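Asks: Residue numbers (full-length UniProt numbering), protein chains in the order written: chain A, 1 to 446; chain B, 1 to 446; chain C, 1 to 446; chain D, 1 to 446.
Number of protein chains: 4
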Amino acid sequence: MCAVVGVINSKEASKTAYYGLFSMQHRGQEASGISVSNNHHITTLKKQGLVTDVFSKEDIINLKGDMAIGHNRYSTAGNDSVRDAQPVTANYALGEIAIVHNGNLVNKNEVRERLIDEGAIFQSNMDTENILHLIARSKKEHLQERIVEAVSQIVGAYCLLIMSRSKIFALRDRYGVRPLSIGVLPDGGYIIASETCAFDLVGASFLRDVAPGEMIIFEEGCKEFKSVQLFKEQDPRICAFEYIYFARPDSIVEGKNVYTTRVELGKTLAKKSKIEADFVVPVPDSGVPAALGYARQSGIPFEMAIVRNHYVGRTFIEPTQEMRDLKVKLKLNPMSSVLDGKKIVVIDDSIVRGTTSKKIVALLRQAGAKEIHMRIAAPEIKYPDLYGIDTPTVAELISANKSCEEVREYIGADSLEFLSVDELTHSLGDERKYSLVSFDGNYFID
Amino acid sequence: MCAVVGVINSKEASKTAYYGLFSMQHRGQEASGISVSNNHHITTLKKQGLVTDVFSKEDIINLKGDMAIGHNRYSTAGNDSVRDAQPVTANYALGEIAIVHNGNLVNKNEVRERLIDEGAIFQSNMDTENILHLIARSKKEHLQERIVEAVSQIVGAYCLLIMSRSKIFALRDRYGVRPLSIGVLPDGGYIIASETCAFDLVGASFLRDVAPGEMIIFEEGCKEFKSVQLFKEQDPRICAFEYIYFARPDSIVEGKNVYTTRVELGKTLAKKSKIEADFVVPVPDSGVPAALGYARQSGIPFEMAIVRNHYVGRTFIEPTQEMRDLKVKLKLNPMSSVLDGKKIVVIDDSIVRGTTSKKIVALLRQAGAKEIHMRIAAPEIKYPDLYGIDTPTVAELISANKSCEEVREYIGADSLEFLSVDELTHSLGDERKYSLVSFDGNYFID
Amino acid sequence: MCAVVGVINSKEASKTAYYGLFSMQHRGQEASGISVSNNHHITTLKKQGLVTDVFSKEDIINLKGDMAIGHNRYSTAGNDSVRDAQPVTANYALGEIAIVHNGNLVNKNEVRERLIDEGAIFQSNMDTENILHLIARSKKEHLQERIVEAVSQIVGAYCLLIMSRSKIFALRDRYGVRPLSIGVLPDGGYIIASETCAFDLVGASFLRDVAPGEMIIFEEGCKEFKSVQLFKEQDPRICAFEYIYFARPDSIVEGKNVYTTRVELGKTLAKKSKIEADFVVPVPDSGVPAALGYARQSGIPFEMAIVRNHYVGRTFIEPTQEMRDLKVKLKLNPMSSVLDGKKIVVIDDSIVRGTTSKKIVALLRQAGAKEIHMRIAAPEIKYPDLYGIDTPTVAELISANKSCEEVREYIGADSLEFLSVDELTHSLGDERKYSLVSFDGNYFID
Amino acid sequence: MCAVVGVINSKEASKTAYYGLFSMQHRGQEASGISVSNNHHITTLKKQGLVTDVFSKEDIINLKGDMAIGHNRYSTAGNDSVRDAQPVTANYALGEIAIVHNGNLVNKNEVRERLIDEGAIFQSNMDTENILHLIARSKKEHLQERIVEAVSQIVGAYCLLIMSRSKIFALRDRYGVRPLSIGVLPDGGYIIASETCAFDLVGASFLRDVAPGEMIIFEEGCKEFKSVQLFKEQDPRICAFEYIYFARPDSIVEGKNVYTTRVELGKTLAKKSKIEADFVVPVPDSGVPAALGYARQSGIPFEMAIVRNHYVGRTFIEPTQEMRDLKVKLKLNPMSSVLDGKKIVVIDDSIVRGTTSKKIVALLRQAGAKEIHMRIAAPEIKYPDLYGIDTPTVAELISANKSCEEVREYIGADSLEFLSVDELTHSLGDERKYSLVSFDGNYFID
């Protein structure tokens, strides 16, 4: 997952990058970093923590320059939060360079092994370091050519921002799996970001998406940017998970508003089968739009009968035995005064391991719900995503190991339905293709 | 505002108090503290910050005892966050004592002046220190008698928890302005809390509210508690603001679920006047239930067209001139893809100064909303609350200085309506009285 | 122990107080605090930690005013480092007040009990809070009279600085047990401090000591100060420990340079008995001056054969079994290349429990010392000091329980000698009396 | 400068490394780090700050393994304290590796440029990263061969500890400029350290020094270690500064106790010229041994007339104009009661820029010293050291630009003498050569 942001030709570029990262905090809460260039030197600050904790006011003031790139890192099992923060920076043959990356390289192990065989040293576990090495080892004279050579050797889903002292290169893989958009700032500079919600906060207007396989070159002092199509655009496949739960509802992903898309998914769910129920109840916050769509389509009233506590901190104290299920309860509290004796449809965005759903159903039963009909605004997740979404192994994915009926039994619902893959793509719009590997196992890259 | 919690006859009382405070974080984010008694000695830890920041796992383990009281402090202009954290503790003639307090003493200045004349020293600005002094100066033999004597001298709205080494006294003022409820823990101990949402998290079941004017005495090792009616219960008046926006929606205040009550307020709003509109849009999160009620009553579709960012941190970097209105925008982002060209009804819980509403209306207009009909699920706030809600001075309260039409003009909406005081009380239920001082200026205490 | 400092009629009084406290860090490392008055309001900052950790540059700038008092707190067993930091501040009948205190009240329990009986509350364990209460409870019209009334009720060894919005009162008990001196700052303001080393750092010149039983009144804007003799000066007795180890060697205590005095104590030691030895070795740093005196008198060469590591931090990791005696070794390392096969005289300033001396002797033996003659530049400590020096209970004082020969055996030295009380007082100068309670048990106060 | 430590075949290797670093804190206070290997994986913790601040008890427990290397970093102008902490770790063709380094590579720029031309990326400014790259790029099959190949390409003064999962390689440059010694731990494991004072603290016994040009290979589980002579030992030249001021007095450098050596330097100084003086006064702490030697030789009494404050913290508040010279005064306070009217010989270990000496002389004059004869226990520093001691540029070195008489005038002393280079080497022992580049400009490497 992760978020990337770039800013060029704008005063106080670090401040704009900071706000951009702040608005994309949902894409990664583990670490954050910003590199700025003042055309002579690249300065970087990166640390563990939320954006507002990583950067003080003074830090942002000290990151002087009219160019910046930034990154929010998502927590994944293997990584070292201190060492693996981005941007990754280095000195190499052409001077200073900084890179941020969102996505996953499918051939990273081969590339890494080859580089190591050739004598490279790796100081982190990040894919990004592969790309740095490939650029540094290229014999080409200009950075642009080196980048072209480097990305020709990597395979995967990625968005990359590469900053030299005077340029920012923005790249998207040939399938366009991860989103990347360009906006125009009030002062005429450009902002590049994973999600358009970053534009709204800083008053930027959406210009266009970076196309799949495209490399955009922004240069310090140039009002115009250049575009190079690195790969023939074929079958672009934006990741369906961006719509399902990853992007913020107010972002526009590939021309489609995420919130509205989720409402549609809920409507499609409602069309699948008719249930007699007193309420439609979302699992907040991500289930809310689909639940609204379900309610609207089915005519069953919508109730926010599960209350979410937004104060959940980083570290938390272990519950006693008597307080089992506390971890879910710390966030979600179903109201028995609303639910007692009721038949309800519960809408969630997905089921991964099934453990959280099981706890939610149990909490709803404790709160008195008489019938619980779980509806999931996505298909069954049967395969690990390898293109940048952190899904667990096959062994942990409940739908990879159990039928829908078995999952229903496990979580304890009275009924359970998922969207089919066709229903999903149909709701998203048949006019284009999507990355659906978690659902259909069609690993189209390699 | 603030939150209080007490735990007695329960193992790991500090852990239960911690979870209770965590679930009531919305009532105060400035400072937090817990005192425990192991029957020999009272130990206290209190600090600035959110509950999860104030207490480490080790801290909670070190706060050993089967009795505890705790407090979350709301930030108010005059106070010193380090010095004015609660519980307030002292040694006095009968030994150790700790007090937490939610509310406001109307006669605190007179009491303080009298105490100072008599030679008392004050180490903070808290009302609570007055009560400590009154207890310490009483000549009565037993703490219970001293408390009775002390509270006979104070006038105001308050909930008090007073802990000695072996007892907890829970008191509520004669009008019952601030809420205080008793729950039973899974291990048979008791929990006393400002809101019942604290019970849900720790698996406690609601027993009953502390009655207005009642003092409950819990004793270490006693399964039963005693009740003393300190003041004749007359005209109890729970604060209407608890229903309007202060309490968590999943709490039960004086027998009424807060969420359901807010849905009712929205319905009442919808009955006032008929509007042609495309959507009902809540100002999240507090406007959601009333917006649902409005939508249900009016038949106009409900849309979450304003997206809230929950990551807003403590300290934040000043926006540049070009990023005015950023403070509201950091939290709230109206979606133009949903709003563009639409007529909308916007539901908020109250208007205090009018500045936030003005910015929300402006952001909605920027997002393309064609008509904006603002509906407020509360009456106009014309008077400062003196009973424990931190409202600004009369000069700052927009409705104290402008007519509804003038407010509408100021905030830039196409229409504006508030609930009348009668509509409010009718929606809340005519069977009882409410503290409505902010709306009607009826300062019923003194 | 502890250190106090006061500054009046000097720009940036907080900065001068800060440097004063810094130079007196050896008198207390647990907590530090400064109160300033800008003649309207007293502002205080106090915290756990060393002076350089407690105050940031910004803190000192924000403590604005031309009057200040400050305090370094010594760590003692019973106290709570957060709550018991000084200055202690309060609002009372005449307004704001701040107090710092160095010493010990002998009748504090009686005073505290009486005050508690009268209804006072105590929020700390500090003697200082007694004095605050006595001042607050006085019926006198002016602060000066109230202070006189208050100190007439307390018995003990103390130096007090009391600051109102426009005055600083500096008091010393009738025996003058703890030191307190007045200096003149370069800009004409005054500084009052426990030790004259504070004057050196800020460029102040020594004016005179506050006399035993004297109260000095400094007033904002007044070039002159007033003096009131509160108690008839009788038998002043400065604490001998200030010379023995407590004061910094560069301080002048009651007209005598501490370093020179310690050299004299060493000379006296050398006169007691003649030893054949290769070197005189000090236990650094406090044993150095006496060892120099011993070497000079005896003609035996002085060697710094024990090296001290000054980086010892606050928290430290437990040694394994194989690393016993590590705590002393972390600080002190005897050099075997110097000591191997040698006969040495080791000079230390005192023996309290004997455990450290035992470890030092063992380390010296390991380093190859053939004969170890321990000489202590003070008499045997047989009684607890009750006048402000933190000595352990009688049971823990080795010389209270063992003869000199038994102590020698316990610590493992080849010979051991202390100064006699007469030798001590003779070396310090027979012209005046000293507080010698730890040595002779003559508790002259009460 | 910096300190390195290695531990192998010892339980709790990280704890031993920690104590070793603690005892060598004087060699570098900016950053500290430890890598441990549990034979499967190398884990590293490094941070800015003193050893006791960098590592918590829990940290040391979590660094599990029976092999460890560690480093203290000295603060130098160009470096980035966060990024440039050591050990430097990487994954390369043969697995995991960690390196620590004390010294300076003379040809680092050439090596770095060549590596960068070949496509290497540099993530720091440290010499150590060069060595890592050279090892990684070697085509040899075994790490040992790769290290040999790597060090054949570097020129300079260095001590290196290189840890793989199961081995530690300890290397010293062919001249042996920086010290490196081997000790045997109580449990039979080995410790390698820059200074032998590290052995004393952990109870290790000195075995031998690593020879100039030698590589020692320690292997997990092997009681014996192997030695390979990489370079023909020719003209070993230990850095004279280790004796003059850098090493701890209790360390044994190349067979010579540092303290005793300094005493000798003082004696040599005393023989140069006869002065009539009342006292010999050291600039503490580093001038103490030479002053003792001077006093012993000359018969002039030794006095600790300048008192040092050891509490100087990291960040400090700017003095006002009226408090000039405060920076030196914060550390050093000359006692006027000892110095007033006296003729003194002042002994310091070296003069670099001359600014500190000037301030010390001024402070001594203020304290009343009538005659000040400055004696320096080292020759004039006329050339920058390029072999690992952080000396300033030629322009800043006062003795590179002024004659001894001009320096005397600048610092304001009545007389000034340095040791000659011959006197220095003679005092250190004529049996071997020394690195004396700062004094004679004989850059013997390259």
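Every residue, glycine too, gets a C-beta built ideally from N, C-alpha and C.
These numbers come from a predicted model, not from an experiment.
Could you check the C-alpha separation between R137 of chain C and Y383 of chain B for me, to the nearest Å?
Replies: Going by the C-alpha atoms only, they are around 39 Å apart.
Asks: When we look at the beta-carbon of Q321 of chain A and count the other beta-carbons within 10 Å, is it buried (16 or more) or exposed?
Replies: With a pLDDT of only 49 at Q321 of chain A, under 50, the local geometry of the prediction cannot be trusted, and no value is derived from it.
Asks: Specify, as a first and last residue, the run of the alpha helix (DSSP H) that Q86 of chain D falls within.
Replies: Counting along the chain, Q86 of chain D falls outside any alpha helix (DSSP H), and DSSP gives it neither H nor E.
Asks: Whose C-beta lies closer than 6 Å to the C-beta of K433 of chain C among residues of the same chain, with five residues either side of it excluded?
Replies: D235, R237
Asks: Among the candidates C:D53, C:N102, C:S37, whose CA atom is the shortest distance from the CA of V4 of chain C?
Replies: C:N102
Asks: Mind reading off the beta-carbon distance from S336 of chain D to D348 of chain D? Whole number of angstroms is fine, and I expect it under 8 Å.
Replies: Not a contact, Cβ separation roughly 20 Å.
Asks: Between the Cα of L419 of chain A and the Cα atoms of A:M374, A:K232, A:I398, A:E431, which residue gives the shortest distance?
Replies: A:M374
Asks: Give the range of the beta strand (DSSP E) segment to which E219 of chain B is assigned.
Replies: 214 to 219
Asks: Can you find a C-beta in chain D that's less than 7 Å from the C-beta of E322 of chain C?
Replies: Because E322 of chain C sits at a pLDDT of 49, beneath the cut-off of 50, its placement in the model cannot be relied upon, and the following sentence gives the value as read from the coordinates. So, interface residue.
Asks: So with CB distances below 7 Å, who are the chain D contacts of S23 of chain C?
Replies: Those within 7 Å of S23 of chain C in chain D are N309.
Asks: Within 7 Å of any Cβ in chain F, is that where the Cβ of G33 of chain A sits?
Replies: Although the question refers to chain F, the structure presented lacks it and instead comprises the protein chains A, B, C and D.
Asks: When Cβ atoms are compared, which residues of the stretch 118 to 143 of chain C fall closer than 7 Å to chain B?
Replies: G119, A120, I121, F122, Q123, L132, H133, A136, R137
Asks: Can you name the residues that DSSP bridges to S227 of chain D?
Replies: D:I216
Asks: For Y92 of chain A, would you say it is in contact with chain D, using Cβ-to-Cβ distances shorter than 7 Å as the test?
Replies: yes
Asks: DSSP puts C159 of chain D in a beta bridge; with which residues?
Replies: D:N102, D:R172
Asks: Between the alpha carbons of Q297 of chain A and G65 of chain A, how many angstroms are there, rounded?
Replies: 51 Å
Asks: Evaluate the contact criterion for the stretch 34 to 51 of chain A versus the stretch 113 to 131 of chain A: three or more CB pairs, one atom per stretch, below 8 Å.
Replies: Too few Cβ pairs lie closer than 8 Å, so no.
Asks: Measuring only the C-alpha atoms, how far is L45 of chain A from E242 of chain A?
Replies: Spanning the alpha carbons of L45 of chain A and E242 of chain A requires a straight line of approximately 28 Å.
Asks: Quick one: give me the first and last residue of the beta strand (DSSP E) that L207 of chain D is part of.
Replies: 205 to 209
Asks: When the Cα of M24 of chain A is compared with those of A:V51, A:L424, A:F218, A:A68, which residue comes out closest?
Replies: Nearest C-alpha to M24 of chain A: A:V51.
Asks: Taking contact to mean 3 or more Cβ pairs, one atom from each stretch, closer than 8 Å, check whether the stretch 239 to 258 of chain B and the stretch 301 to 309 of chain A are in contact.
Replies: yes
Asks: Should Q229 of chain B go down as buried or exposed, given a rule of 16 or more other Cβ atoms within 10 Å for buried?
Replies: exposed
Asks: Between which residues of its own chain and H26 of chain D is the CB-CB distance below 7 Å, once the five residues before and five after are set aside?
Replies: R248
Asks: Can you tell me which of the three DSSP states I135 of chain A falls into?
Replies: helix
Asks: What number of angstroms, rounded off, separates the C-alpha of A204 of chain D from the C-alpha of K15 of chain D?
Replies: If I take the Cα positions, the gap works out to 14 Å.
Asks: Does the stretch 53 to 64 of chain C touch the stretch 86 to 98 of chain C, meaning 3 or more C-beta pairs lie closer than 8 Å?
Replies: no
Asks: Can you name the residues that DSSP bridges to Y245 of chain C?
Replies: The partner list for Y245 of chain C (beta bridge, DSSP) is empty, contrary to what the question assumes.
Asks: Decide yes or no for the touch test of the stretch 410 to 427 of chain D against the stretch 263 to 273 of chain D: beta carbon pairs closer than 8 Å, at least 3 of them.
Replies: yes
Asks: Verify whether the separation of the beta carbon atoms of R174 of chain A and L180 of chain A is less than 7 Å.
Replies: no
Asks: Closest to G119 of chain C by C-alpha separation, out of B:A93, B:Q29, B:V258, would be which residue?
Replies: B:A93
Asks: Return yes when the Cβ of G341 of chain A is within less than 7 Å of the Cβ of G299 of chain A, no when it is not.
Replies: no
Asks: Let's see if you can read the secondary structure: which residues bound the beta strand (DSSP E) around R262 of chain B?
Replies: Here R262 of chain B belongs to no beta strand (DSSP E); instead the alpha helix (DSSP H) covers 258 to 272.
Asks: What residues from chain B crowd round I116 of chain C, counting only those whose CB sits closer than 8 Å?
Replies: N91, Y92, A93, A136
Asks: Quick check: what's the CA-CA separation for K57 of chain C versus V263 of chain B?
Replies: 53 Å
Asks: Compile a chain-ordered list of the residues in the stretch 286 to 309 of chain D whose CB is closer than 9 Å to at least one CB of chain C.
Replies: Taking 9 Å as the Cβ-Cβ cut-off, the stretch 286 to 309 of chain D approaches chain C at V288, P289, L292, A295, R296, P301, F302, E303, M304, A305, I306, V307, R308, N309, given in chain order.
Asks: My output table needs one value for L21 of chain A: the three-state DSSP class, helix, strand or coil.
Replies: helix
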